[in-house]
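Here's the structure we're looking at; comments come further down.
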Amino acid sequence: MKAVVLILGFMLCAVPALGDGVSICYWGAWANYRPELGAYGVSDLPADLCTHLVYSFIGLDGEGNLTLAEEIDVGGKSSYIKDFIKLKETYPKLKLIVAVGGYNEGSADFSKVCNNDTLRAHFVSNLVQFVEESGFDGLDLDWEYPGQREGSQESDKQAFVDLVRDLKEQLGPKGLELMAAVPITQWAVGIGYDVANISKHLDYISLMTYDMHGTWENVTGSNAPLYGQLTDPAGDVLNVQAGLNVWLTNGAPASKLVLGLPSYGKSFTLASLDNTGTGAPHAGGGAPGPYTGETGTLAYYEICLAQQQSSWNVTVVKDNYAFASSGLQWVGYDDPSITFAKGRFAKQNKLAGVMYWATDLDDFAGYCSRVTYPIIKAGIKGFNSL
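Below you can see the structure in the form of structure tokens.
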């Protein structure tokens, strides 16, 4: 067994670039403020493993102006953004993208701005100017989600088409890329996305094939099962394969779709030790990780470190999902073997490539083994295996 592990580690260390596919890697810039082992900045980014690095996030207000985190100066003059852009000096083929939105940004301001022709034009102009002046190679739209959440409108579906079209008209002639991150259930897609029309204007569509289960449900569930869980009554729709099929059947070309791969898990505190599998009753989110500090979510490096430091019962359902428990703590996640299977799945389905949320949640320093970025490398290796 030890020899097999060492050989696998060597293979991951030697993983080449993604061949003819894209490897889109998101970075949550706030990771630089995590304590001790979790601190993660520009110098840690795996620029050699990614075709695109995505800086997350900038925001907007209700008038279409851009907003940035307090520690970052508007206009892209902070050391964060400047250092990020400097990666091009060492990696000239690397595409550096800025993402606008994110879950915490909500939907209300997007909805207000994009449903108003004047405000939308102002927003588009601000985005294009920011991308150009800062030195980015493109823009990622992460409106979560048109037609959903507080402040949304039924007209958001068309408003998103208008936003994508207007941005492409200005970014395209400048050689700048436009992509979007999107949900994967038929309900969410039906409400908010005119798939055929937005596909015309987007260079890539990143499927957020994760966060399928969490504390909003009454029982445990793995974060991103490839084919579904037997214990899950919604398993026929809440899985990666089903999510991909939603976008394909609604008219998205496979050549523009990018499969999302998580480098984190969703955690729970079990209600009792009587049931410790998927579909077990829980009493709430799992204990916060020592470095990410978020109830109900653990970085992959927090998961593998915990398994090294104490006794965990680990179950890996081959090529599908994994979960582990220790006492009342439970986490569903993807290990490198499952990520490999998903990378291979993406290539089998002729997708554009794979996407990772997020670089700062992978075992970026090789804390658990001698392999850095085991999740990212496994996805690349899986995609390249065919």
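Just so you know, the sequence shown maps onto residues -19 to -1, 1 to 367 in mature numbering (1 follows the signal peptide of the UniProt record, and there is no 0).
The beta-carbon is built from N, C-alpha and C at its ideal position, and this holds for glycine as well.
Comparing alpha carbon positions, the residue from E44, P243 and Y281 closest to N97 is E44. Selection Q167, Y185, Y174 and D118 evaluated against K155 yields D118 as nearest (Cα-Cα). For secondary structure counted as the alpha helix (DSSP H) over 4 or more consecutive residues, the segment 26 to 91 holds these complete runs in sequence order: 60 to 66 and 68 to 71. Look at the beta carbons and you see the segment 145 to 154 not touching the segment 31 to 47: under three pairs across the two are nearer than 8 Å.
A distance below 7 Å between beta-carbons, with the five flanking residues on each side excluded, links L332 to the following residues of its chain, in chain order: A235, L238, V239 and L240. Residue pairing for N294: DSSP places it in a beta bridge opposite S306. Under DSSP, the beta-bridge partners assigned to V312 are S248 and A305. Burial of Y281 is indicated by the presence of at least 16 other C-beta atoms within 10 angstroms of its C-beta. Rounded to the nearest whole angstrom, the C-alpha separation of G153 and Q110 is 14 Å. Shown here, H194 sits in coil according to DSSP, grouped into three states, outside any helix or strand. The secondary-structure analysis by DSSP pairs L120 across a beta bridge with V79 and L159. By the neighbour-count criterion, in which 16 or more other beta carbons inside 10 Å mark a residue as buried, R101 falls on the buried side. For S106, the uninterrupted alpha helix (DSSP H) run begins and ends at D98 to S115, by DSSP. DSSP places T278 within a strand segment (E or B) once states are collapsed to three.
Take the alpha-carbon of G83 and the one of E131: they are about 15 Å apart. When the beta-carbon positions are compared, K138 and Y174 come within less than 9 Å of each other. DSSP, read as helix, strand or coil, puts V239 in strand. In this structure, DSSP gives A346 a state outside helix and strand, which the three-state scheme calls coil.
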